[in-house]
Amino acid sequence: MKLRVLRRLVLRLGQAVPILLVVAVVTFFLMHLLPGDPAAIIAGPEAGAEAIEKIRHQLGLDRSLPEQLALWLFHLAQGDFGRSIVLNQSVLEALSERLPVTVSLTVVSFAITIPLGIVAGVLAARFRNTWLDSAVMFLALVGVSIPGFWVAILSVILFSVTLGWLPASGYAPLADGVRPWLLSLLQPAAMLALFQIGFLARMARSATLDVLDQDYIRTARAKGVSEWRTIAKHAFRNTLIPVVTATGIILSLLMGGSVVIEQVFALPGVGRLIVQAILTRDYPLVQGTLLVLAFMFVGINLLVDVIYTWVDPRVRYG
Amino acid sequence: MAEAVSDLLAPPRRFPVLRRLARHRSFRVGFVIVLVLLLAAIFAPLLTGFDPTAMRARLRFRPPQAAYLFGTDNFGRDVFTRCLYGARLSLTIGFGVAVLSGVIGAAAGIASAQFRWLDGAMMRLMDGLMAFPAIILAIGLAAAMGPNIGSLIVALSVAYIPRTARIVRASALVVRELEFVDASRVAGASSLRIIVKHLLPNCMGPLLVQLTFVFAYAILAEAALSFLGIGPPPPAPSWGNIIAEGRDQAVEAWWIMFFPGMAISLATLGMNLLGDGLRDVLDPRLKVET
Chain Z
1 MKLRVLRRLV LRLGQAVPIL LVVAVVTFFL MHLLPGDPAA IIAGPEAGAE
51 AIEKIRHQLG LDRSLPEQLA LWLFHLAQGD FGRSIVLNQS VLEALSERLP
101 VTVSLTVVSF AITIPLGIVA GVLAARFRNT WLDSAVMFLA LVGVSIPGFW
151 VAILSVILFS VTLGWLPASG YAPLADGVRP WLLSLLQPAA MLALFQIGFL
201 ARMARSATLD VLDQDYIRTA RAKGVSEWRT IAKHAFRNTL IPVVTATGII
251 LSLLMGGSVV IEQVFALPGV GRLIVQAILT RDYPLVQGTL LVLAFMFVGI
301 NLLVDVIYTW VDPRVRYG
Chain X
1001 MAEAVSDLLA PPRRFPVLRR LARHRSFRVG FVIVLVLLLA AIFAPLLTGF
1051 DPTAMRARLR FRPPQAAYLF GTDNFGRDVF TRCLYGARLS LTIGFGVAVL
1101 SGVIGAAAGI ASAQFRWLDG AMMRLMDGLM AFPAIILAIG LAAAMGPNIG
1151 SLIVALSVAY IPRTARIVRA SALVVRELEF VDASRVAGAS SLRIIVKHLL
1201 PNCMGPLLVQ LTFVFAYAIL AEAALSFLGI GPPPPAPSWG NIIAEGRDQA
1251 VEAWWIMFFP GMAISLATLG MNLLGDGLRD VLDPRLKVET
C-alpha cells in the first residue's frame, strides 16, 4: 500500500526532471525573444556605448547563445534565479516577500471554490433535467463566461464604494490577525473563485452522472436505498476522483487569475510583481518569476498525482 | 409523436450531425449569439454613424441615452461604437487563436500518435509548456513580442497548444488502433495517407469542441491582458482595452466599462454554449473499447 504510493512518487519525480528542464529552456528563450537590448535599458537612456557594453559583459549577454543557456542552467542548478534590475533584490528575495499574499489569496479562493463547486455539481446531477439542474448549470456557465476582473470592479463599486462593507484594496498580513486578513481577501478571493466554481460544478455534475450510470448504483437503488443515501454513500467517493484530478488545473487557473485580480485590488502579490516587472522591462525578474511559478506548478501537480494514487487504490504506477 | 414515427420511417437524411446540432437547445442559443455578434462586427460601420476613435471634448461622460446607447467616455467617444469596432478586434483575436492553436495543436497531437518515437519528447515539451498557467505564459510571451495583435494571437496560441495537442493525441491514439486503420496499414497505406484519410477526420469532433472553448478562453484572456496593459494598444478599441481605459471612471461613469464587459460575457457565453452543444453531439470521448 505505502510502497505503491512511494513508487508512484519516485516515478513522477523522474518525469518531473525533463519537464523542469523544458520549463527552464522555454523561459530562457522568452528572455531572448524580447525586443530591445536589456543592457541598454539597464544602463539608462543617457549611457554611452561603452557603459552598455560593460553591462552587457556583466550580464553575460556578449557570449554565444548556447553558452548563455548553459550558464543560466548552471546557475539554476545552484538555486540562483537571477537578480531584479529595478528592485535591486535577488528574484528569490522579491518573490519570498510577495508569495505569502498570492498563496493566501489562492488558499482562500480554493476554500471557497471546492465546497461550492462540488455541492453545485452534485445537486445538479441529483436533480438532473429539472429546473434546479438548469438553473445551477446556467449559473456555472455564466461563471466560466464572464471576465472575473470586470465583475471584481463592479463588485468593488457595490460592496466597497457604495455599501462600504469590505475594503476596496490592499492586503492585511496574517500576522496582523486573522480577521483583517480574511476581510482583505474575501472579496478578491470570491471574485477569483467565480470561474473555478463554474468549472468545477460542470465537472462535478458530469462526474456524478457518470458514476450514477454504474451497475453498483443500480443495485443500490434496486435494494431500496434512498437516492440521497445512494449518492452520499455509494457515488460520492467515486465522484471525487476526477475532482482530485481537476485540483491541479484549478490551482493553475487560480494562480493565473490571481495576476489579474491582484491588479484590481492592489494586492502586493506575485501577480503584481510580474506585471510590474514586465511594464518596467525588468527582464531577469520576469524570467525568474515565471520560472519559479512554473516550478511550483510542477510540484503541485506531482503532489496531486501522489494524493490521487493514495485516494484511488486502482491507480497503478506506469 | 407522429413526427417521431415518421422520422423512423423516413429514409436516412443527409447531414445527420447538422440536424442534431440544429435540434440542440444550447447550441442554437449559442449559435444565434455568436452570429449576431459576428454580424455586428462585420457591419459595424452600418450600425453606427460615429468614428470609434474621434474625440469630442464637449461630449464627455454622457450617460446612456438614445443618441449614445452606451454613453460616451472621457474623450467623448461613443462607447457603443467602440464596442462594435472592439468586437472586430476581440473576435479576430479569438478566431486567430483558435485557428493557429488548432492547426499546430492538431499537427503535434497527430504526429505524436502516429510517430511513436516522437511521442515522448513531444509530450514532455507540452508538459513543460503546461507547467505555466496559460495566462501567465501568454503575458510573458506577449510582453516579449511587443504589444500588437499578431503577437497577442501567437502568445495565446502557444498557451493553448498543449491542451489541444493532448486532446487530439488522445483521440488519435484510440482511432489508430481501430480495425479499419489496421486494414489500411496492412494494405500498404503510407503514414501520410493514414493521417489524412483516417486520423485527422476522426479527430475533428474533439478538436472542434476544444477550439470553441479555446475561442472563448482567448476572448477572456485578451480582455485580461488588455486590462494589464499588455493587450492591443489604444486608441484602436478592443473589448479589453475599453474596460481598462474605463476603469478609472468606473464609479462616476459606470457605462464605459460595463458594456464592453457585457459584450465579452455574451461572446464567451455564446462560444461556450456552442461548445457544449458540439460536445453533446460529437461526443469527444470516443466510446470505443480497444
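Chains as they are written, first to last, in the numbering used here: chain Z, 1 to 318; chain X, 1001 to 1290. Backbone N, C-alpha and C fix where the C-beta goes; we use that ideal spot for every residue, glycine too. For clarity, every value in this text was computed on a predicted model and none was experimentally measured.
Distance between residue j and residue i (C-alpha atoms, nearest Å)
i, j, result
"residue 1098/X", "residue 223/Z", "49 Å"
"residue 181/Z", "residue 171/Z", "7 Å"
"residue 1150/X", "residue 1238/X", "14 Å"
"residue 1040/X", "residue 1061/X", "24 Å"
"residue 2/Z", "residue 305/Z", "15 Å"
"residue 255/Z", "residue 103/Z", "9 Å"
"residue 1053/X", "residue 1223/X", "19 Å"
"residue 1044/X", "residue 1258/X", "20 Å"
"residue 258/Z", "residue 294/Z", "15 Å"
"residue 1055/X", "residue 154/Z", "26 Å"
"residue 160/Z", "residue 30/Z", "39 Å"
"residue 1026/X", "residue 138/Z", "10 Å"
"residue 249/Z", "residue 97/Z", "25 Å"
"residue 1200/X", "residue 1020/X", "22 Å"
"residue 1147/X", "residue 1048/X", "28 Å"
"residue 1168/X", "residue 87/Z", "44 Å"
"residue 183/Z", "residue 136/Z", "27 Å"
"residue 1304/X", "residue 1194/X", "Outside the shown range of chain X (1001 to 1290) lies residue 1304/X, about which nothing can therefore be said."
"residue 274/Z", "residue 1204/X", "37 Å"
Helix, strand or coil at residue i [DSSP, three-state]
i, result
"residue 1284/X", "Note that residue 1284/X scores a pLDDT of 49, beneath 50, so its modelled location is shaky and nothing firm can be said."
"residue 1072/X", "strand"
"residue 63/Z", "coil"
"residue 1056/X", "coil"
"residue 1051/X", "coil"
"residue 312/Z", "coil"
"residue 324/Z", "No statement about residue 324/Z is possible, as the shown extent of chain Z runs from 1 to 318 and does not include it."
"residue 282/Z", "coil"
"residue 1078/X", "strand"
"residue 83/Z", "strand"
"residue 221/Z", "helix"
"residue 70/Z", "helix"
"residue 179/Z", "helix"
"residue 1089/X", "helix"
"residue 1140/X", "helix"
"residue 1020/X", "helix"
"residue 209/Z", "helix"
Beta carbon of residue i nearer than 8 Å to that of residue j
i, j, result
"residue 289/Z", "residue 95/Z", "yes"
"residue 235/Z", "residue 211/Z", "yes"
"residue 1050/X", "residue 1092/X", "no"
"residue 1159/X", "residue 1134/X", "yes"
"residue 1255/X", "residue 1076/X", "no"
"residue 1225/X", "residue 1246/X", "no"
"residue 1101/X", "residue 1184/X", "no"
"residue 217/Z", "residue 1250/X", "no"
"residue 33/Z", "residue 1144/X", "yes"
"residue 270/Z", "residue 99/Z", "yes"
"residue 148/Z", "residue 194/Z", "yes"
"residue 123/Z", "residue 196/Z", "no"
Terminal residues of the alpha helix (DSSP H) in which residue i lies
i, result
"residue 1249/X", "Residue 1249/X -> no alpha helix (DSSP H), and no H or E assigned at all."
"residue 134/Z", "131-145"
"residue 98/Z", "91-126"
"residue 1217/X", "1200-1227"
"residue 1126/X", "1116-1130"
"residue 271/Z", "270-279"
"residue 1150/X", "1149-1176"
"residue 1066/X", "From DSSP, residue 1066/X is part of no alpha helix (DSSP H); its letter is neither H nor E."
"residue 262/Z", "236-264"
"residue 32/Z", "2-33"
"residue 157/Z", "Here residue 157/Z belongs to no alpha helix (DSSP H), and DSSP marks it neither H nor E."
"residue 1043/X", "Premise fails: residue 1043/X is in no alpha helix (DSSP H) and is neither H nor E."
Cβ neighbours of residue i in the same chain (closer than 7 Å, five flanking residues each side left out)
i, result
"residue 1209/X", "1275, 1278, 1279, 1282 and 1284"
"residue 247/Z", "304"
"residue 141/Z", "198"
"residue 190/Z", "112"
"residue 1031/X", "1274"
Cβ shell of residue i (< 8 Å), same chain only, five flanking positions each side left out
i, result
"residue 241/Z", "207, 308, 311 and 312"
"residue 1220/X", "1264 and 1268"
"residue 1017/X", "1281 and 1282"
"residue 163/Z", "none"
Sequence-distant residues of its chain with Cβ nearer than 6 Å to residue i (five each side left out)
i, result
"residue 199/Z", "144"
"residue 277/Z", "285 and 286"
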